[in-house]
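In the working numbering, the protein residues as written are -9 to 191.
The beta-carbon is built from N, C-alpha and C at its ideal position, and this holds for glycine as well.
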């Protein structure tokens, strides 16, 4: 089994470094260029199914990467919702929600920002979805076009549970391949040597 993990192309809110989990925005010109790079990387690779989140930036990216496929939207692959912080930069959040911002910086996995999705709920829905996909598609090749937080959780779930969430990177315009061996998964950048492989039995 192989899962090709891709992050959606750049958006204007990406560029401004905003928190925008559930805001439904389109990719920008650079994002479209990144998607076309992904298309070039993936064009000769057979993929059984393409999964995306329910958000526009994921779906627009997938349509450019896989122009002849029909992506399947899964709401459980949506980015974490940040409630009242969505659309704001870190500086704006610190100015408007100073106490809450400090609380989140101290405990980002347990403190819940105003009207935001709890991290534990986010983690559970992503892990449950990826477990389902793995169990339902043995031996298949899947493509997932999703969001940075979602991809980090998938990496932790399948490849390395001890990996630090903030240290896991999925640069836009790259493909990370997660491949199942007999009892574990390995991960590597498409066209690169293996970058990690952990027992996950």
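Thinking C-beta only, is residue -5 closer than 9 Å to residue 166? Cβ atoms of residue 166 and residue -5: closer than 9 Å.
Where the beta strand (DSSP E) through residue 32 begins and ends: Per DSSP, residue 32 belongs to no beta strand (DSSP E); it is in the alpha helix (DSSP H), 19 to 32.
Just to confirm, is the Cβ distance from residue 42 to residue 106 under 9 Å? no
Does the distance from the C-beta atom of residue 123 to that of residue 132 stay below 9 Å? At a Cβ-Cβ threshold of 9 Å, residue 123 and residue 132 count as neighbours.
Are the beta-carbon atoms of residue 20 and residue 50 separated by less than 9 Å? no
With distances taken between CB atoms, is the gap from residue 44 to residue 65 smaller than 9 Å? yes
Quick one, which of 14, 78 and 68 has its alpha-carbon nearest residue 109's? Checked all of 14, 78 and 68; the closest Cα to residue 109 is 68.
Starting from residue -8, trace the beta strand (DSSP E) both ways and give me its first and last residue. -8 to -3
Do you know offhand how far residue 24's Cα is from residue 74's? 29 Å
So for residue 180, helix, strand or coil by DSSP? Coil at residue 180, not helix or strand.
Cβ-Cβ separation, residue 94 to residue 103 (assumed contact under 8 Å), whole Å: 6 Å
From the DSSP output, read off the bridge partner residues of residue 140. Paired residue(s): none; residue 140 is not in a bridge.
Bridge partner(s) assigned by DSSP for residue 41: For residue 41, the pairing in a beta bridge is given by DSSP as 62 and 134.
For residue 78, which residues in the same chain have their Cβ closer than 8 Å to its Cβ, ignoring the five residues on either side in sequence? Cβ neighbours of residue 78 beyond the five flanking positions: 8, 9 and 86.
Suppose you measure from the CA of residue 14 to the CA of residue 163; what does that come to, to the nearest Å? A straight-line Cα-Cα distance of about 20 Å links residue 14 and residue 163.
Can you tell me which residues form a DSSP beta bridge with residue 78? 9
How would you call residue 148, buried or exposed, if buried means at least 16 neighbouring beta carbons within 10 angstroms? buried
Could you name the residues of the same chain whose beta carbon sits closer than 7 Å to that of residue 6, not counting the 5 residues immediately before and after it, in chain order? 79
For residue 47 and residue 17, which I take to be in contact (beta-carbon distance under 8 Å), what is that distance rounded to the nearest angstrom? Residue 17 and residue 47 do touch by the CB rule: their CB atoms are close to 5 Å apart, below 8 Å.
DSSP beta-bridge partners of residue 169: -8 and 176
Buried or exposed: which applies to residue 28, given that a residue is buried once 16 or more other Cβ atoms fall within 10 Å of its Cβ? buried
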